[in-house]
Each structure stands twice: as C-alpha cells, then as structure tokens.
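Here the working numbering is used: the sequence shown runs in plain steps of one and ends on residue 307. All C-beta atoms, glycine included, are put in the ideal place defined by N, C-alpha and C. A quick write-up on the structure given underneath.
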Amino acid sequence: MGGAARYTGRFAPSPTGPLHFGSLVAAAASFYDARSQDGRWLLRIEDVDTQRTVPGSAEQILATLERFGFEWDGGIVRQSQRTDAYVTALERLRSADLIFACACTRREMADSALARDGSRVYPGTCRDGLPPGRKARAWRVRVEGGIAFEDAVQGPQQEDLTSEVGDFVVLRADGLFAYQLAVVVDDAEAGVTHVVRGADLLDSTGRQIYLQQRLGSPTPAYAHLPVVVNAAGEKLSKQTLATAVDDWRPEAVLLAALTFLGQNPPLDLNHATLRDVHEWALAHWSLARVPRVRCQSEPQFIQDMQA
Ligand code: GLU
C-alpha cells in the first residue's frame, strides 16, 4: 500500500435555494471526475452562513441529487454543525500570531482599492493592534506575498494576496466563521484531494491555499469549471430566478450538462435511460475537454426550459 492518497472529491452546495442548472454542472463534473478515477465523492452542505440558508433547501438539494442518480460516499457534513472544528483552527492561527482582531467597519474601508471579488483590500489599520478605544469586530488573517497554482481547466493562476486581497476575514463581525476558513478546515478533515467547482470561486482559491499553508494542510488539485450564465449574461442563481432542475427529465438535463462541459455526448443518447447516460459519461469523462473559459451561456435546451 502507501503511495498517493486515493482520489477524494466533493460537491459542496450552499443551501440557498433548489439546484439549478449551474449547480448541477458542478455536481456532475465533480462526480464524474471522482468516479472515473475510482475516487470517493463526498457531499457537504455549506450552511456556515446561516443568514443565507433557506429552510428546506438542503433537503431539496439532496432529493434532487438522488433523483439524478448521484450517490455520495459516507455521511453528509453540514457546516452548521462544525463550529468546534472552526474554533480549533482559529485558535491555532491565533496562537501562532497569524490573525488579528479588527475594529474596522465597511464604511471605514470604503476608500481602499477594490479586491477581485468586489470587497475592499484591507488597508492594514488594525494589523499591529486595535486603535485605542476601539473594539474588536472581526478577526483577519495576516497575508503576505502571493499564491500561484495550476488549475486543471483554467491553466496557471497567480494572485498577489498583499495587493489584490489584503488581510482577509476568518471570523466575521456577526460572529459567523468565514466561508474561506470553513472550506479549508472541512476539505482538510475530509481528506479532499481534488476540488472541482465553478470558476466564480477561482478568486477564492488563493486565500484558501494561503490558509492551508498556515494550517499545515495539504493543497488539493483544483479544476474550475465555466460558470453557467443566462441569455442576459448573468450567473444562474436564486437572484436571477434560475429555475430548479427538479421537474425536468434528469437524463436530458445531464446530457445538457455534459454538452456544456465539452464532453460531446453522442446524439443517440437522447433516447437513453439515466443509467445509460451515467455509464457513457463515466467511460468518456475528460477534464481536458472542458472549455477553458470562466463563463459560458447555458445550452439552448435549458434556455427553452426556463422560458
Ligand atoms: N458552497 C459553494 C457554492 O455553492 C461551493 C464551495 C466550494 O465548492 O468550495 O457555490
């Protein structure tokens, strides 16, 4: 035995609404990439941001995944039940003096440069201690330098954390743990070796690798898929009123997802069963065929269904 760890992938939906075509694409790609390499495929409900959680949507997502025939390994991890693990990670960062308490409000940072994700690059105000009379609101990790990594779909990536992100939040002012920390802690504990997800998270990856390095966790391989955008060029989401895939024929939606992912399923699969589509996809899956773009329009079939 020994050698490389067994492929462990995961799908990590946020329960903020039912599964739409965009999240189904991420589910399918992460599933086929894992299963075609005899890997494990885990499921994690990312409800760390309890304020965004929509009651009942986690259960709805699970039911949809089952209906589509995506079987996960082991139990379902829910971030809302993982607070102890996040506290432990935060304590480790704190005892190594890698994080600091911050009193700044959003308004106080409004003049800072814009970060890639639309937030503000932290100006460093509380880095060396809270200004007199100010109270801690959030906790931030001190960043230094840059991160480079190779993305299996998007190619070489490079981010200068100091100038493009700045010290970022790990414990929010509202007391919730930041997504960046939760993902890193959860992926490490689950032994995740491969992360396949939407390219909307490409700009989070530098911060996640940085935290992995600070926490001594291995960095998984990354593959960021094109994000599905609608005819107006907007990312499918609850806000853009993307329709749930629940009521559509799963085999047809899966074929559309495979087409979107550049896998070129043959036309005769149009009359195949769900099982046949899965079998074909597993036998032919290739990450190298996924279009190397950050976003791509939804297939006509899905546009017609949304109309
Ligand atoms: N929860 C995130 C989402 O639904 C995915 C995070 C990840 O895959 O790392 O967009």
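- Distances from the alpha-carbon of residue 234 to those of 290, 294 and 113 put 294 closest.
- For residue 189, the Cβ stays outside the 6 Å cut-off from all heavy atoms of the ligand GLU.
- Nearest in C-alpha terms to residue 150, of all of 228, 297, 209 and 71, is 209.
- With a cutoff of 7 Å on beta-carbon distance, residue 153 and residue 223 are scored as near each other.
- Bounds of any beta strand (DSSP E) do not take in residue 278; it lies within the alpha helix (DSSP H) bounded by 274-284.
- Minimum Cα-Cα distance from residue 176 among the listed residues 225, 90, 217 and 131 corresponds to 90.
- Around the CB of residue 250, 16 or more other CB atoms lie within 10 Å, so the residue is classed as buried.
- If you compare the alpha carbons of 247, 44, 28 and 4 with that of residue 184, the shortest gap goes to 44.
- Considered as a whole, the region 114-173 harbours 138-141, 146-151, 155-160 and 168-171 as its complete beta strand (DSSP E) runs of no fewer than 3 residues, in chain order.
- According to the DSSP assignment, residue 42 belongs to the beta strand (DSSP E) that extends over 40-45.
- Per the coordinates, the alpha-carbon of residue 211 lies some 26 Å from the alpha-carbon of residue 287.
- By the criterion of a C-beta distance shorter than 7 Å, residue 203 is surrounded in its chain by 116 and 117, once the five residues flanking it on both sides are discounted.
- A buried status is given to residue 186, since no fewer than 16 other beta-carbon atoms sit within 10 Å of its beta-carbon.
- With a cut-off of 8 Å on Cβ pairs, the region 22-33 is in contact with the region 231-248, counting three or more such pairs.
- Residue pairing from DSSP leaves residue 238 without any beta-bridge partner.
- Residue environment: residue 226 is assigned as buried (16 or more neighbouring CB atoms within 10 Å of its CB, all protein chains considered).
- Distance from residue 122 to residue 182 at the Cβ level is roughly 20 Å; contact not present, criterion being Cβ atoms closer than 8 Å.
- Here the alpha carbons of residue 303 and residue 48 stand approximately 32 Å from one another.
- Here DSSP, grouped into helix, strand and coil, assigns residue 14 to coil.
- Close CB contacts of residue 17 within its chain, under the 7 Å cut and outside five residues either way in sequence, are with 54, 57 and 238 (chain order).
- Looking at the DSSP output, residue 296 bridges to 228.
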